[in-house]
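Shown next, in structure tokens, is the structure this report addresses.
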Amino acid sequence: MFRKFTATLTVASLLALLGTTSAFAGDSCVINPAKGYYAESLHCTFVVREMNYKGMTVTAARLCSNPEQCSPLKSLNLKMGDVIFRLDGVPVDNDDELDDHYDWTTVRYSRNGTAPIQNGKIFINNSFGGDNQP
Numbered sequence: 000m001f002r003k004f005t006a007t008l009t010v011a012s013l014l015a016l017l018g019t020t021s022a023f024a025g026d027s028c029v030i031n032p033a034k035g036y037y038a039e040s041l042h043c044t045f046v047v048r049e050m051n052y053k054g055m056t057v058t059a060a061r062l063c064s065n066p067e068q069c070s071p072l073k074s075l076n077l078k079m080g081d082v083i084f085r086l087d088g089v090p091v092d093n094d095d096e097l098d099d100h101y102d103w104t105t106v107r108y109s110r111n112g113t114a115p116i117q118n119g120k121i122f123i124n125n126s127f128g129g130d131n132q133p
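Residue 33 in numbering that gives the first Met the number 0 sits at position 34 of the sequence shown, with consecutive numbering throughout.
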């Protein structure tokens with residue numbers, strides 16, 4: 000029993016150091032961002048999955064990497080661990096939804112998946128590779 004408790008404590012300590020929350024403790028991208036989905040239009044890697052947000056089960060996209068320098072998400076100061084719930088009012092419930100938006104887009108997100116939900120606007124260039132400025 001002592002050995003099992005120590006292992007559990009070690010994993011919990013590692014997750015705490017990485018800044019994860021229990022809602023995402025099982026995400027494979029916490030340790031290996033290569034296991035997530037790279038959204039070309041957002042220049043960032045995500046994992047889309049069900050999570051618990053304030054007692055409700057929702058599907059959302061967690062950033063598994065920091066956005067690249069050219070990412071439109073930089074204008075919202077999003078970073079690894081933050082969660083996107085909706086793009087232009089559409090729930091992010093699959094990988095493809097992350098690349099289905101362009102031009103001025105409303106992003107519904109939460110810092111680290113635990114902070115209050117916020118709305119922000121970003122400009123997504125639909126050419127996948129240009130800078131994301133209007």
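Note that beta-carbon positions come from the ideal geometry of N, C-alpha and C, so glycine has one too.
Exercise. Rounded to the nearest angstrom, how far is the Cβ of Val57 from that of Phe84, given a contact under 8 Å?
Worked result: A Cβ-Cβ distance of about 7 Å is found for the pair Val57 and Phe84, placing them in contact under the 8 Å criterion.
Exercise. Can Asn124 and Tyr108 be called in contact, C-beta distance under 9 Å?
Worked result: In this structure, Asn124 sits away from Tyr108, with a CB-CB distance that is not shorter than 9 Å.
Exercise. Beta carbon of Gly88, beta carbon of Ser64: below 9 Å?
Worked result: With contacts defined by Cβ atoms closer than 9 Å, Gly88 and Ser64 do not form a contacting pair.
Problem set entry | Completely contained beta strand (DSSP E) runs for the segment 63-113, where each covers 3 or more residues | Runs of the beta strand (DSSP E) inside the segment 63-113: 82-86, 102-109.
For this session: Measure the C-alpha to C-alpha separation of Asp98 and Pro115 and round it to an integer number of angstroms.
Result: Straight-line Cα distance between these residues: approximately 25 Å.
For this session: Tell me, please, which residues DSSP counts as bridged to Gly119.
Result: DSSP output for Gly119 lists Val106 as bridge partner(s).
Exercise. For Asp162, which of Asn93, Leu62, Leu86, Asp95 has the nearest alpha-carbon?
Worked result: Residue 162 is absent from the model: the chain starts at 0 and stops at 133.
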